[in-house]
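Add 24 to the 1-based position in the sequence shown for my numbering, that's all there is to it.
Just so it is clear, CB atoms sit at the ideal spot from N, CA and C, and this is done for glycine as well.
As the structure is a prediction and not an experimental result, all values here were calculated from the model.
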Amino acid sequence: MTQPADIAVLKTQSMTHQEERLAAMEPEERAKVQRIAGHVRAMLEELDLDLQDPNLLETDVRVAKMYMEMFHGLKEGAEPRVTCFPNEENYTSMVMEKQIPFYSMCSHHLVPFYGHAHIAYVPGERILGLSKLPRILEFYAKRPQLQERLTEQVVKYLEEKLKPQGAMVVIEARHLCVEMRGVKKPGAVTVTSAIRGIFHERPIREEFLDLLRHA
Ligand SMILES: [Zn+2]
């Protein structure tokens, strides 16, 4: 058991933390990180930043890896594997998961937008494991995104996979591209909604809003 610990000590002595993590990657992934890091470095140099500053020394690699993580949703095989169950109890009321937090990146400026989503559906023949709703949201959030499109994509996914009687998604988010630059409106919240099927009927929508307001 002492040998692996010794190796780990040797590694940290001769390599920086980032180098060590790069070395542990698959060659293809490592090459990708290094290519992206090269572009980030070029951009920072063009901005006349001092890349010898200890805090900027490995920023190129850090940013490359961060982008790869944040845009993971576009990767082949990143789709959440969603198990549907037959609706054996014939449950025909609303299923709702509210206040699901998410973080995404605005396609236009590549800065974050973040907030909460409220997702509901009225089952048809199939129901969904509850933990799946946040995973569906996260899958579509991990890519350059627009709030309007995110809202639509989640409701469309539910519609196609579950064939519910209806579905509704409301997203409330703050956009840093609005808050930090341009019109600078700190704290402004953008709300989007997407509706399918039975949710077009007013009483169902009111039930949704009622469940949203109360604990
Ligand atoms: Zn933006």
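Q: Report the three-state DSSP secondary structure of E184 (helix, strand or coil).
A: helix
Q: With distances taken Cα to Cα, identify the nearest neighbour of H199 among M192, K209, V64, N114.
A: K209
Q. H132: which of R86, F109, E172, E43 sits nearest, CA to CA?
A. E172
Q) Ordered along the chain, which non-local residues of its own chain (more than five positions away) have a Cβ less than 6 Å from that of M25? A) Annotation note: pLDDT 41 at M25 (below 50); position unreliable, coordinate value reported separately. Nothing meets the Cβ criterion.
(Q) Does E70 pass the burial test, meaning 16 or more other C-beta atoms within 10 Å, or should it be called exposed? (A) exposed
Q: Please list, in chain order, all residues of the same chain as A61 whose beta carbon is under 8 Å from its beta carbon, the five residues on each side excluded.
A: D84, V85, V87, A88
**Q.** Residues proximal to ligand 1 by C-beta, any heavy atom closer than 5 Å
**A.** With 5 Å as the limit, the residues whose C-beta approaches any heavy atom of ligand 1 more closely are C130, H132, H133, C201, in sequence along the chain.
Q: Over the uninterrupted alpha helix (DSSP H) stretch that includes F95, give me the two end residues.
A: Careful: F95 lies outside any alpha helix (DSSP H) and carries neither H nor E.
Q: Taking 8 Å as the threshold, find out whether the region 135-154 comes into contact with the region 104-113 through three or more Cβ pairs.
A: Touching, yes.
**Q.** D30, DSSP secondary structure in three states
**A.** Below a pLDDT of 50, predicted positions are generally treated as unreliable, and D30, at 48, falls in that range; the measurement from the model is reported next regardless. Note: D30 maps to helix in three-state DSSP.
Q. In its own chain, which residues sit with a C-beta less than 6 Å from the C-beta of A102, not counting the 5 before and 5 after it?
A. H96
Q | Unbroken stretches of the beta strand (DSSP E), 3 residues or longer, contained in the region 84-142 | A | 108-110, 119-130
Q) If you run the structure through DSSP and keep just helix, strand and coil, what is P168? A) Strand.
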